[in-house]
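Novice:
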Amino acid sequence: MRLHPFRLVEPESLSEAIDAVARLDGEARLVAGGTAIVPMIRLGLVKPDRLVSLNRLSPLTRIALDGTALELGAMATLADIERSPVARDGWPLVAEAARRVATPAIRTSATIGGNLAYAEAASDPAPALLCHDAEVRVAGPGGERVLPIARFFRGFYEAALEPGEIVTAVRVPPAPEGARTGYVKFTPRSAEDRPLVGVAALLVLDEAGRCREARIGLGGVAPTPIRAGRAEAALRGEALSDATVRAAAETAAQEADPLSDLMGSADYRREMIRVWVRRLLVRLRA
Amino acid sequence: MNLTFTLNGRPCATDAPDHWTVLDLLRDGLSLMGTKYGCGEGVCGTCTVLADGRPLRACLVLAAHVRGRELVTVEGLEVDGRLDRLQTAFAELGAAQCGFCTPGMLLSAKALLAERPAPTEDEVREALAGNLCRCTGYTKIVEAVLAAAPGRS
């Protein structure tokens with residue numbers, strides 16, 4: 001079955017790409033790896049008459065240090081991120097979350113910029129990037145701007161991008177000294193699915209085992225990926241006893257706003273938040 | 287649009303409509319029928335080919351995006367009339383039944399063995415994730431990939 005026909009525009013530079021998108025009003029769609037937009041076109045969910053490909057913007061595939069931060073070009077694939085020695089050494093949470101997206105042959109095409117711009121609530125990388133307080137760099141007709149990732153997700157499949165804006169990079173600050181991090185993903189059917197619940201956590205414990213810093217990112221539990229701010233507050237300054245961990249997991253379940261869908265009901269999602277937040281915290285306290 | 291790339295070790299220059307995927311290009315443009323159309327959504331894996339040695343879903347990737355790259359399809363595994371050791375192992379160990387998933391299995395395994403010549407069983411299973419087989423139950427496929435691993439024999 002063929003795709004609905006479209007004309008493909010392949011700009012050679014970012015400014016050309018911005019012009020191309022701006023000239024096409026609302027009818028243009030961007031394509032990076034294609035792993036989201038191509039099935040959407042095939043299923044008839046969108047019928048763009050033009051697609052603007054970012055594939056020739058090779059500077060955007062860069063993965064490198066930017067001062068103390070990790071800079072992921074928007075066109076870096078998830079396979080590149082999971083294999084990047086810089087990412088694996090300094091940002092293992094990000095590399096691990098990238099490695100949990102879909103399957104190997106998807107990750108060689110799927111890009112980090114595409115993953116974020118698609119604004120999938122059940123993104124695997126987003127909770128990890130939320131824990132790192134990452135910043136999303138965006139370029140558009142009005143110039144460049146930088147958005148904290150917590151403000152990048154506006155709603156269900158809706159990113160805070162203005163018409164004509166393109167994600168160019170994600171800047172990921174380092175974890176605090178001595179941080180322990182982890183990502184767990186629960187899929188009730190098949191390992192390559194989007195997570196029913198995805199939990200990323202970053203903890204810093206002092207000598208007495210009390211939480212000096214606690215960050216929890218959740219995917220699949222609300223219209224957008226979120227930070228579990230109240231659960232984090234419940235952990236700060238506390239030792240990670242079973243009771244504290246259980247209470248934090250309960251708080252995370254309460255502050256989530258899950259949807260019901262074919263994968264699971266809202267109540268089931270809440271229950272799985274309790275389970276997986278607790279399991280991850282228990283793993284990280286060891 | 288004009289496209290040039292390397293296909294199974296040979297230069298290939300062709301023409302394709304803008305909206306064609308790599309799978310349309312291979313099957314309809316170049317009459318290479320080894321790469322299968324399964325789900326069309328990147329879920330089943332039978333359209334998997336290699337691009338620069340890495341597995342790629344031909345049904346999801348636009349043909350324009352393989353310009354300049356090195357593509358290998360199942361037709362390119364055989365060299366000088368000799369089957370790849372993965373193909374031999376699949377045949378000898380009964381890792382193919384209906385055969386519809388086999389091209390994707392072979393190419394996913396090929397990419398794995400190039401990166402990890404002595405993979406563990408877990409690594410094989412992870413590399414084959416997203417290649418659905420409805421006949422074998424996977425056991426013989428995993429055995430065949432392990433048997434073909436150059437670092438394990």
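Line by line, the protein sequences are chains A and B.
Under the numbering used here, residues 1 to 286 are what the first sequence spells out, in order.
Under the numbering used here, residues 287 to 439 are what the second sequence spells out, in order.
By construction, the Cβ of each residue, glycine as well, lies at the ideal position given by its N, Cα and C atoms.
(1) Starting from A:Ile216, follow its DSSP beta bridges and name the residues at the other end.
(2) Suppose contacts are defined by Cβ-Cβ distances below 8 Å. Is A:Ala74 in contact with A:Leu60 by that definition?
(3) Given this structure, state the Cα-to-Cα distance separating A:Met263 from B:Ala415, to the nearest angstrom.
(4) Residues bridged to A:Gly264 by DSSP?
(5) Span of the beta strand (DSSP E) holding B:Pro341?
(6) Applying the 10 Å Cβ sphere with the 16-neighbour rule, what's the burial state of B:Glu407?
(7) Under 8 Å, with one C-beta from each stretch per pair, do the stretch 272 to 281 of chain A and the stretch 346 to 355 of chain B reach the 3-pair mark?
(8) Are the stretch 187 to 205 of chain A and the stretch 139 to 148 of chain A in contact at 8 Å, needing three or more beta carbon pairs?
(9) Do B:Ala435 and B:Leu336 have their C-beta atoms within less than 8 Å of each other?
(10) Name, please, each residue of chain A whose Cβ falls closer than 8 Å to the Cβ of B:Leu342.
(11) Compare the C-beta of B:Ser317 against all C-beta atoms of chain A and say whether one is closer than 8 Å.
(12) Along chain B, which residues have their Cβ under 8 Å away from the Cβ of A:Ala191?
(13) Nearest to A:Arg210 by alpha carbon, out of A:Val221, A:Leu240, A:Ala159 and A:Ile41?
(14) Once you ignore the five residues that flank A:Ile63 on each side, which residues in its own chain have a CB closer than 8 Å to its CB?
(15) Around the C-beta of B:Asn288, are 16 or more other C-beta atoms found within 10 angstroms, so that it is buried, or is it exposed?
(16) Could you check how far apart the C-beta atoms of B:Gly326 and A:Met1 are, in whole angstroms? I think they sit under 8 Å.
(17) For the beta strand (DSSP E) that B:Asn417 lies in, which residues bound it at each end?
(18) Can you confirm whether the stretch 111 to 130 of chain A touches the stretch 359 to 374 of chain B when touching is taken to mean that 3 or more C-beta pairs between the two stretches lie within less than 8 Å?
(19) Might you give, ordered along the chain, the residues of its own chain that have their beta carbon closer than 7 Å to the beta carbon of A:Pro258, omitting 5 neighbours on each side?
(20) Name the residues in the stretch 35 to 57 of chain A whose C-beta lies less than 7 Å from a C-beta of chain B; which are they?
(21) Pull up the CB-CB distance for B:Ala400 and B:Ala430, whole angstroms please, since I reckon it's below 8 Å.
(22) In the DSSP assignment, what residue or residues form a beta bridge with B:Ala434?
(23) So, helix, strand or coil for B:Ala299, using DSSP?
(24) Specify whether the stretch 3 to 13 of chain A and the stretch 289 to 299 of chain B touch according to this definition: at least 3 beta carbon pairs, one from each stretch, less than 8 Å apart.
(25) In chain A, which residues lie less than 7 Å from B:Asp304 when you measure between Cβ atoms?
(26) Could you name the residues of the same chain whose beta carbon sits closer than 8 Å to that of A:Val46, not counting the 5 residues immediately before and after it, in chain order?
(27) Judging by CA-CA distance, which residue of A:Gly164, A:Thr251, A:Ala117 and A:Thr181 is the nearest neighbour of A:Asp89?
(28) Which partner residues of A:Gly143 appear in the DSSP bridge assignment?
Specialist: The short version:
(1) Bridge partners of A:Ile216: A:Ala201.
(2) yes
(3) Roughly 20 Å separates the two Cα atoms.
(4) A:Asp261
(5) Arg340 to Arg343
(6) B:Glu407 counts as exposed, since fewer than 16 other beta carbons sit within 10 angstroms of its beta carbon.
(7) No, the stretch 272 to 281 of chain A does not touch the stretch 346 to 355 of chain B.
(8) The answer is no - the stretch 139 to 148 of chain A does not touch the stretch 187 to 205 of chain A, with fewer than three Cβ pairs under 8 Å.
(9) no
(10) Ala105, Thr108 and Ser109
(11) no
(12) Ala415
(13) A:Leu240
(14) Leu70, Glu71, Leu72, Gly73, Ala76, Asp80, Ile81, Ser84, Val86 and Ala87
(15) By the neighbour-count criterion, in which a residue is buried when 16 or more other Cβ atoms sit within 10 angstroms of its Cβ, B:Asn288 is exposed.
(16) 6 Å
(17) Run containing B:Asn417: none; DSSP gives neither H nor E here.
(18) no
(19) Val221, Ala222, Ala266, Arg269 and Arg270
(20) Thr35, Val38, Pro39, Arg42, Ser53 and Asn55
(21) Wrong, their Cβ atoms sit about 16 Å apart, outside the cutoff.
(22) According to DSSP, B:Ala434 shares a beta bridge with no other residue.
(23) strand
(24) no
(25) Ordered by position in chain A, the residues that pass the 7 Å Cβ test against B:Asp304 are Phe6, Arg7 and Leu8.
(26) Arg29, Ile37 and Met40
(27) Proximity to A:Asp89 across A:Gly164, A:Thr251, A:Ala117 and A:Thr181 peaks at A:Thr181, based on C-alpha coordinates.
(28) A:Gly140
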